[in-house]
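Student: After the structure tokens below, expect a handful of questions from me.
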Amino acid sequence: MDEVDSFLQSFAESTRNSYATGIKLFEQFYGKPITEFIKQLYEDLQKPPLERTRIGENVMRNYEKWLERKYAPASVPYYMHVVQSFARYESIPLPLRYIKMPKPIPTNPKFKWDLDTVAAFISLLREPIKSVAVVMLQSGLAVGDVLNLRVEDLYDMGNVPMALEVTRKKTGVHFYTFVGKWGVKHIINSIQATRGPVFPIGSYVVQYEFKMKARALMKYKGTNPMRPHSLRAAFRSFLFEGGVDPLYAEFFMGHRIPEERATYINIPLEGWRKIYAEKCEPLLTPKKWESI
């Protein structure tokens, strides 16, 4: 395994893939393997301070200009950081503070949902996007993780609340969350085979449906404030505002729990089910859920 592979293997799969893309982009710009750049940085650092050429700063400044011609402003700092991270992995300093980065396009804050409003919005969605939205709201899962659910993995079918065992796509964290009776209804109605995805659609379909419905309801510029990820934020807000222990919400959302606090979530499955049923489900289920 070479140095680049070793570096990439230290990340979760989703991060690994985007970092691999970032390294390929730099090598496309530089015309040589990134390890050659690191070698030049190391050789420059061995020189007396007054004889150093500041090759790292010069190359990265030109790389920033190259990226800016090809990619969105928000992507430029990310790809710059990939190179900096690899240099740091090789114990080579590569400061970027003197390089002017483009300002990202402003992003609209996520819409501040209340339970009645989110229920009304979900009722406007077509199937199976409606079912995806219900599961997102009740479970706290990201849209990608909901779309990764497979029929053969639903071992808790028949129980309410129903456990969903998940490895989060973004971070590789393995955990489980739940859906209540509203979510269970939509999962059961969506299953069309004994194997395969519960929701056989792409995330772009979900994003597009949310955007079209949001445009019909409100005027906005830039990113959709009612984007699917806003339901994940709503899950957290509803639980926090309802007095649920924030640590429980973080666990259900698949966030990394610090080791010193992990002992507080060492709870068996049935214990989590009881916590969800008594403390969480009432906060995540509208009164007229059966008609949505």
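Just so we're aligned, residue 293 is where the sequence shown starts under the numbering used here, counting upward by one. Even glycine gets a Cβ: it sits at the ideal position worked out from N, Cα and C.
1. Could you tell me which residues DSSP puts in a beta bridge with residue 468?
2. Let me know the secondary structure DSSP gives residue 524 once reduced to three states.
3. Are residue 423 and residue 470 close, meaning C-beta to C-beta below 9 Å?
4. Apart from the five residues just before and just after residue 474, which ones in its own chain have a Cβ nearer than 7 Å to its Cβ?
5. Whole angstroms are fine: how far does the CA of residue 311 sit from the CA of residue 342?
6. Taking the C-alpha atoms as reference points, what is the distance between residue 387 and residue 354?
7. What does the alpha-carbon distance come out to for the pair residue 360 and residue 481?
8. Is it a yes or a no for the stretch 331 to 351 touching the stretch 403 to 411, going by three-plus beta-carbon pairs under 8 Å?
9. What is the DSSP secondary structure of residue 420, reduced to helix, strand or coil?
10. Among 330, 565 and 453, which residue has its Cα nearest to the Cα of residue 381?
11. Opposite residue 442 in the DSSP bridges: which residues?
12. Short check: CB of residue 530 to CB of residue 575, under 9 Å?
13. Quick one: grab the DSSP three-state call for residue 560.
14. Are the CB atoms of residue 468 and residue 458 within a distance shorter than 9 Å?
15. Which residue from 378, 370, 336 and 338 puts its Cα closest to that of residue 296?
16. In its own chain, which residues sit with a C-beta less than 8 Å from the C-beta of residue 322, not counting the 5 before and 5 after it?
17. Under the rule that 16 or more other beta-carbon atoms within 10 Å means buried, what is residue 420, buried or exposed?
18. Quick check: the stretch 513 to 526 against the stretch 405 to 418, are there 3 or more CB pairs under 8 Å?
19. With DSSP collapsed to three states, give me the class of residue 312.
Tutor: Working from what's here:
1. 457
2. helix
3. no
4. 426, 430, 577 and 581
5. 34 Å
6. 14 Å
7. 46 Å
8. no
9. coil
10. 330
11. 489
12. yes
13. coil
14. yes
15. 378
16. 328, 329, 351 and 355
17. buried
18. yes
19. helix
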